[in-house]
Every structure is written in structure tokens, then in C-alpha cells.
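J.: Everything in the sequence shown is counted per my numbering, starting at 1441 for the first residue and increasing by one.
One structure follows; several queries about it will come next.
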Amino acid sequence: MRALLARMTLDEKIGQLTMVTGSGTATGPQTAPVSLAEIRVGRAGSILNLWTPAAVREVQRIAVEESRLGIPLIVGFDVLHGHRTIFPVPLGEAASFDTALWEETAAAAAEEAASDGVSLTFAPMLDVTRDPRWGRICESPGEDAHVAARFAEAKVKGFQGSALASSRHVAATAKHLGAYGAVLAGRDYASADVSQRELEEVHLPAFASAVKAGVAAVMPSFIDIAGTPATASRPLLRGILRDRWNFQGVVISDYNAIAELITHGVAADLAEAATLALRAGVDIDMMAGAYSRGLPVALDRGLVAMADIDTAVLRVLTLKDDLGLFADPYRGLITASYSNGPRYRRLAKRAAASSMVLLKNSPAVLPLSQHGGPIAVVGPLAHAPADMLGPWAAAGRAEEGVSFLDGMRAAFPGRRILHQPAAGFDPATLVPALAREAGIVIFCAGETRNMSGEASSRGEPGLPMAQIQLAKNLLAANNPLVLVLCSGRPLILPPFLAEGAAAILAAWFPGSEAGTALGDVLSGGVEPGGRLPVSWPASIGQIPIYYSERRTGRPANSASHYSSKYLDIPAEPHFPFGHGLSYTAFRFDNLRTGRPVMAAGETLEVAVDASNIGDRNGGTIVMLFIQHQVASVARPVMELKRFQRIEAAPQEKLTVTFRLGSNDLQFPGADLEPVLENGRIDILVGQRAVESELLRAGIELTGGQNRLPAGSR
Ligand code: BGC
């Protein structure tokens, strides 16, 4: 690669650092598609939003055969939750708590994307967030740092496989490094003013885990953290990413983010913006034209050195080499025929059912029997295959998706399915008539796909007014109502509906097999496999809300006025993190840690008995939290450290075991350096983050640091 670098002009070097757009789809403000002439003269090294074998073959041919140095292009695309076959949105997939599934869907997406000419995906998105107002919560793995870290490693493995050069895999991009999930008041692109501690404990672990798993690229977020935009942050991109984590890959800016350093007010012009980004370690400029227009000026002004540009170019060339693009610029393209095949569709169906969270089922109306009166399937999301795909649906096609209505028809051949399309009728009369005629109503409500995702923050994340009115009318028919919520975020429900609905199922945006999965779940063929990866607020005023809140001196206590609560709303979420029902029930007993003392460096084995006490096969997620009793800094009330999906037959009893290392018990100390402190730590095990429901066992940690060493002052 150095020999190639030595032959490059300044223009060609900057070209390698420049990402331009194809014409496939628009994901940012500048949409003018690349002119092929730019590629021909070597002024573009990568392209985004372009796919299909024919389109990619053509641009690649021009790059390789007609440009002076014949350097192939990287083709980037936002393949977040499927390429052509669409899986549930990441928040939904996170709800499955199934690391093997996370990896499998990423591998399938990579295979489809690679066969369509894509060589790099801008995924996984790893922004931990506790704010459902933020539209991008839909793309994220939820509120918990440990879940996000496990998600990161599974997704990187799935996308990249064991060798980047394999034509069935793509390079992954961990995004958006920083604390994008903490934007002010959940408003997209706003500033995040988080403490260094919150950054270390909450926002960075998933990225550390992605880097450890070998992620090829990292994208800083658009936003500033306490005044320093991530795109220009040396402490973040050099200090933490490259120096602490030893990241050797490519840093790709977000869309136009380098030019936006001017709007942030930290750069006066493109030359300064380019300087800040390059000095921080951003290698590729996505869609700002800041490197192409700014770097030559920055060089003239003496703001950057050619050596800095060379370092970035070498990283880009190395990634192209690792991807096998020099050996075969048309990698993957020949295998296009397997896209959207039955194997992927089966996986999409399984993933969708595993992501659906049964929030309520009382009285137990679900699962529905194959026999009986008509079922009404109504609501604006009942027959909306495009909405089922959710935002960032890559090359997914609505016409290949299965709507809830179609899925229900297929799943209940013996029952009449009643439906009224949303358009062209008066919901105040017709729908209630339908609801009365049917024995049960499936009300498919929630968000359309454009109500979640980038630039789709909502100040009131609930149901639209028209749906609330419709819900009232449906409930007035006095038949059981099953609320199927389609959304990219928890939706705050009006109490009349939360109480009036017999069952509530959070289906998220389930993807191409939305309807088949719903049919499976409502008929009981498959369990609703999801558990909440985010706390579900009862009221907007609770946001941000999350289970791992830090301990306070005055914890919420209904008997004490001076305690941490509200006068007018509850302090607890409507549904807690980890909540989700199955069609059976599990009981946990006999939590044991093997020994009462654990020394630094040792591994602790934790075991618990889990019994299926219902009369159906079923599964659940077993969660293990830790709780420091006393530490030098106030710790979260509970921290998730392990989770495991289990399945059991009726009356079957399993032993579930977890291993914890002493690393799992470390935390950033008062000086923010990792510390392992002696003292009592409780292990809590159960199914959701409600302290009073969890089994508890304590251990004493020794061999670490003392909090208050004798003689110290
Ligand atoms: C988003 C990124 C995305 C990029 C390219 C931006 O607007 O923030 O997540 O990867 O566009 O589509």
C-alpha cells in the first residue's frame, strides 16, 4: 500500500478520503448524485447509497479501469436490520436478548448486501439511550450498556464474519461514537452534555466491545459532547478510540458532519473544519466536500501536514485491501440470486416473533383459538406492509412484505377475519360495528415508519389523536381488544386504553415477515419472545427513565414526602426493563454463588433453578444484576451483567448457570480509572429489573482495593 501511496498526487490522496453519494436513496441534506467523471479522475474513494449489481459494477469498472491508479471504491450503505429481507428494527431485535440471533440476522443481511455490491455497512448503531422522544432510539439496542456491548459484538461478528475478504461479508461501522443517545431533551442533533463518568459507564462500553470484536470502521456522531463536536474530538477519537482501545481501522465522518463544524461554531471555514477532523483522526469525509475543498487550503496554511493525510489514506487503502477489493473489485456480485430467499424469510419470521413483547395479557385472551367467531383486524397499521419495514429499510421492498392482516388470514384459516381499510370509511360507525360483530378485536395501532428514525424526534411519543378516538370507539363495542403496537419506541399509552385493552403486544417495526410472525404469536404456535430492552414510561414527565439509575440519598418512598418521586405521576415506569410475558410462567429458586467470598482474579459461578410452572412449552430471559452495597462512588441501583434465554417444557426444571469474572465487578473510581473494590456485592437474578422480585445472594470481594485504607487521609 505504501508503494501505491507514493504514486499518488494530492488530489488522488484526498479522493481516497472522500465519500460521495450514489443515486439510490437520500439520507442527508445533500443529495446530488456523484458524477462519474469524479470517479474517473480519482476524486472519490468511496460511495454511499448505491446498490444493485449493475449499478455497482459500473461505478467500480470506471474506478478500476478508467481512473489513473485503478483503485476500487468502497460501497457503503445503511444496512441496519436487513438488506432486502428486512428483520425487526434494532430496538425490536434487542428485545429478543438472543445474541445468536443478532449475529445470524447480521450475517444474512451482510450476505444479501454483499451480493448487491455493498462492501461496508454503516451499522451497528450502538447509541445507548434512555429517551423515547429521540427518534433514533428505534435504531439502538436500548437503554442498557451491557446489552449494547453484547449486541455490538454479535453484530460485528455477523456482518464481518471471520475474514473481511469473504465475498459474503461486509465491513461494519460502529456508530455514532459519542453520546448521541443523550441529546438534549431527545431532540435530534442537539448537544449532549454528559459527564465523563456517564460517558465511560453508559455510552462507551458498546464501542469498546465493537473494537474488541474487530470492527473495521467507526463513525463519530454529529453532535457535540459538552462543547466538543465528536467529529473534531481528539480526546474521543485519538485518546480513547485509537490510544486506549488500539483501534487500527477507518474513522468515517457522519453525513456532512465535517462541514457542520462550521455551524457548530468551532470552525471558521472548510479548511479549519477539515483540519479539526483530520487532526482528530477522521479518515473519510462523508458528503461534506470538506476534505476536497478544505485540505489543500489547510496544507497551504500549514494547519495540517502531508503525513497526516498519508496516514488516513493508508488506513483507507488497507481497508480496501482487507476487503479483497484489489483482488476482486466485483466481490460478491455474482451470487445475487440468493437474495430474499426462503432461508432468510424463515429467519425474518423467527426474528420478528422473538422481538415481540407481550406487555399485558389479562384476562388471558391470548393465544387465540383456531375455532370460534370472527376476528376483526383493524387500525391504520393492519394492512401496511411498507410501515412494517420501519426506517432504514435498505433495499427492502414493501410488496415483498406480509402485512398483519395477511398474516392473520393465513394463521387462522378456520376463522373469519373482518377488516375495513383505514381510508374511505367513518371509523366512528363502521369500525365499532365490525368490532361488535367480531368476538375479538385486533387493533393495529402505533407509528408509521416515518414517525421514528433519524430527524423524527417526538415531544409526545404516544398514539396519534385519531387512533385514540378509534380506540375509544372500539372499546365501546365491549369485546376483548388486543392492542398490537407497531413503533420504533415505547409509546405512552392513555390509561383508558392501557386498562381497557385485554392484551398489549409491542411488535416494534417487525420487518418483511411482520404478519406471519404476528399470526404465529397470536395463534400460540410461537411464543412472543421479546423482553423490554428499555423502560416503558407511564408519562412523558418521567423521561429520561431507566432501571440503572444511580442510588440517591432519598430513594422514592410513598410514606416519605422528602423522597425522590413526583407529586402527580408515578416514579415507576409503566413496564420495567426486562418486562415481557410468555404463555407459560417461570419460577426461580435456590440462587447460589458456590462460595461467599470471591478474590480478585477469580471467577464466580452463579446458579439458579428455573421451573416452567405453566402447562405449555415456553421460554424466558434470565437476567443477572449486580448491586454494590458500599463503594467509593454511588453506584447504579442495579447493573445488568449477564442474560440468558432458556426454554423448558411444562413442569421442567433447569439449572441456569452464569460465570462472572472480577472484571465484571469493576467500575470507574473517583478518578475515573477502573477500580475493583473490596466489600459486599449482591447478585440479583430474575426476569426483569424490579428489585423486589429478584432473588438475592451476597458475596464478599477481597484482594481488591480498600475504599478507606487505614492511615489514608
Ligand atoms: C446518519 C448515519 C448514516 C448516514 C448515511 C446520517 O444522516 O446519521 O447514521 O449512516 O446518514 O446514510
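Note that beta-carbon positions come from the ideal geometry of N, C-alpha and C, so glycine has one too.
Any idea what DSSP makes of H1586, helix, strand or coil?
T.: Locating residue 1586 in the sequence shown gives position 146, where the first residue counts as 1. Helix.
J.: Counting Cβ pairs closer than 8 Å, one from the stretch 1511-1524 and one from the stretch 1917-1928, do we hit at least three?
T.: Output reads no: the stretch 1917-1928 does not touch the stretch 1511-1524.
J.: Excluding the 5 residues preceding and the 5 following Y1770 in the sequence, name in chain order all residues of the same chain whose CB lies nearer than 7 Å to its CB.
T.: Residue numbering aside, residue 1770 sits at position 330 when the sequence shown is read from its first letter. R1497, Q1500.
J.: Could you check which residue in P1872, A1495, P1861, R1889 has the C-alpha nearest to that of G1836?
T.: As a position in the sequence shown, residue 1836 is number 396, starting the count at 1. Selected option, being the one with the closest Cα: R1889.
J.: Residue range of the beta strand (DSSP E) that Q2067 falls in?
T.: For the purposes of this step, residue 2067 is taken as residue 627 along the sequence shown, with counting starting at 1. Element bounds for Q2067: 2058-2068.
J.: I want to check one thing, is the minimum distance from the CB of Y1695 to the heavy atoms of ligand 1 below 6 Å?
T.: For the purposes of this step, residue 1695 is taken as the residue at position 255 of the sequence shown. Yes.
J.: Out of E1839, F1883, P2013, P1930, state which residue places its alpha-carbon closest to the alpha-carbon of L1858.
T.: Looking up residue 1858 in the sequence shown gives position 418. Of the candidates E1839, F1883, P2013, P1930, the one whose C-alpha sits nearest the C-alpha of L1858 is F1883.
J.: With C-beta atoms as the reference, is G1955 less than 7 Å away from S1843?
T.: Position 515 of the sequence shown, counting from 1, holds the residue named residue 1955. Position 403 of the sequence shown, counting from 1, holds the residue named residue 1843. Yes.
J.: Can you find the residues in the same chain that come closer than 7 Å, C-beta to C-beta, to G1654, ignoring five residues on each side of it along the sequence?
T.: Taking the sequence shown and counting its residues from 1, the one referred to as residue 1654 is at position 214. Closer than 7 Å at the Cβ level, and outside the excluded window around G1654, lie V1596, Q1600.
J.: Quick test of your reading: F2028 and A2050, contact by CB under 8 Å. State the CB separation rounded to the nearest angstrom.
T.: Numbered from its first residue, the sequence shown carries residue 2028 at position 588. Numbered from its first residue, the sequence shown carries residue 2050 at position 610. That belief holds up - the Cβ atoms of F2028 and A2050 are roughly 5 Å apart, short of 8 Å.
J.: Can you tell which of A1816, S1892, K2093 has the C-alpha that lies nearest to the C-alpha of L1874?
T.: Sequence index remark: in the sequence shown, residue 1874 carries index 434 (1-based). Closest by alpha carbon: A1816.
J.: Just to confirm, does F1562 get its C-beta within under 6 Å of one of the non-hydrogen atoms of ligand 1?
T.: What you label residue 1562 is simply residue 122 of the sequence shown in a count that begins at 1. Yes, ligand 1 has a heavy atom inside 6 Å of this Cβ.
J.: In chain order, what residues of the same chain have a beta carbon less than 7 Å from the beta carbon of P1987, not counting five sequence neighbours either side?
T.: Position 547 of the sequence shown holds residue 1987. It is Tyr, not Pro, that sits at residue 1987 in the sequence shown. Same-chain partners within the cutoff: S1975, P2016, F2017, M2078, A2129.
J.: From V1558 to F1517, what does the alpha carbon distance come to, in whole angstroms?
T.: The residue labelled residue 1558 in the question sits at position 118 within the sequence shown. The residue labelled residue 1517 in the question sits at position 77 within the sequence shown. Cα to Cα, the separation comes out at about 7 Å.
J.: For S1649, does the three-state DSSP call read helix, strand or coil?
T.: Position 209 of the sequence shown, counted from the first residue, corresponds to residue 1649. Helix.
J.: Taking F1766 as part of the beta strand (DSSP E), name the residues at either end of that continuous run.
T.: By one-based count along the sequence shown, residue 1766 stands at place 326. It is not in any beta strand (DSSP E) - F1766 carries neither H nor E in the DSSP assignment.
J.: Note down the Cα distance separating A1594 from E1543, rounded to an integer number of angstroms.
T.: Position 154 of the sequence shown, counted from the first residue, corresponds to residue 1594. Position 103 of the sequence shown, counted from the first residue, corresponds to residue 1543. Between A1594 and E1543, the C-alpha separation is close to 5 Å.
J.: Where does F1647 land, buried or exposed, given buried means 16+ other C-beta within 10 angstroms?
T.: Walking along the sequence shown from the start, residue 1647 turns up at place 207. With 16 or more Cβ atoms within 10 Å of its Cβ, F1647 is classed as buried.
J.: Examine ligand 1 and report whether any of its heavy atoms sits within less than 6 Å of the Cβ of D1518.
T.: Taking the first residue of the sequence shown as 1, we reach residue 1518 at position 78. Within the cutoff, so yes.
J.: Tell me, please, whether the CB atom of A1954 is closer than 7 Å to any CB atom in chain B?
T.: Looking for chain B here will not work: only one protein chain is present.
J.: From the DSSP output, in three-state form, read off V1529 for me.
T.: Translated into the one-based positions of the sequence shown, residue 1529 becomes position 89. The answer is coil: DSSP assigns V1529 none of H, G, I, E or B.
J.: Would you kindly check if the distance between the Cβ of M1727 and the Cβ of N1696 is under 7 Å?
T.: Position 256 of the sequence shown, counting from 1, holds the residue named residue 1696. Position 287 of the sequence shown, counting from 1, holds the residue named residue 1727. Taking 7 Å as the Cβ cut-off, N1696 and M1727 qualify as a contacting pair.
J.: CB-CB under 8 Å to L1445, same chain, minus the five flanking residues each way: which ones, in chain order?
T.: Locating residue 1445 in the sequence shown gives position 5, where the first residue counts as 1. Excluding sequence neighbours, L1445 sits near K1453, D1750, V1753, L1754, L1757.
J.: Entirely within the stretch 1953-2002 and at least 4 residues each: give me those alpha helix (DSSP H) ranges in chain order.
T.: Entirely contained in the stretch 1953-2002, the alpha helix (DSSP H) runs reaching 4 residues are, in chain order, 1954-1963.
J.: Could you check what DSSP says for G2159 in three-state terms: helix, strand or coil?
T.: There is simply no residue 2159 to check, as the chain begins at 1441 and stops at 2153 in what is shown.
J.: Under the DSSP definition of a beta bridge, which residues are partnered with G2126?
T.: For the purposes of this step, residue 2126 is identified with residue 686 of the sequence shown, where counting begins at 1. Per DSSP, M2063.
J.: Leaving out five residues on either side along the sequence, give the residues of the same chain with a beta carbon under 6 Å from the beta carbon of R1483.
T.: What you label residue 1483 is simply residue 43 of the sequence shown in a count that begins at 1. Around R1483: G1455.
J.: Give every residue of the same chain whose Cβ lies closer than 6 Å to the Cβ of P2010, excluding the five residues on either side of it in the sequence, and list them in chain order.
T.: Counted from its first residue, the sequence shown places residue 2010 at position 570. A1978, listed in sequence order.
J.: Grouping DSSP H, G and I as helix and E and B as strand, with all else coil, what is F1852?
T.: For this step, residue 1852 is matched to residue 412 along the sequence shown. Coil, per DSSP.
J.: Work out the CA separation of L1644 and I1983 for me, nearest whole Å.
T.: Counted from its first residue, the sequence shown places residue 1983 at position 543. Counted from its first residue, the sequence shown places residue 1644 at position 204. So the two alpha carbons sit approximately 21 Å from each other.
J.: Leaving aside the five residues before and after P1803 along the sequence, list all residues of the same chain whose C-beta is less than 7 Å from its C-beta, in chain order.
T.: Residue 1803 sits at position 363 when you count from the first residue of the sequence shown. The residues are A1942.
J.: Taking only three categories from DSSP, how would you classify N2146?
T.: Looking up residue 2146 in the sequence shown gives position 706. Note: N2146 maps to coil in three-state DSSP.
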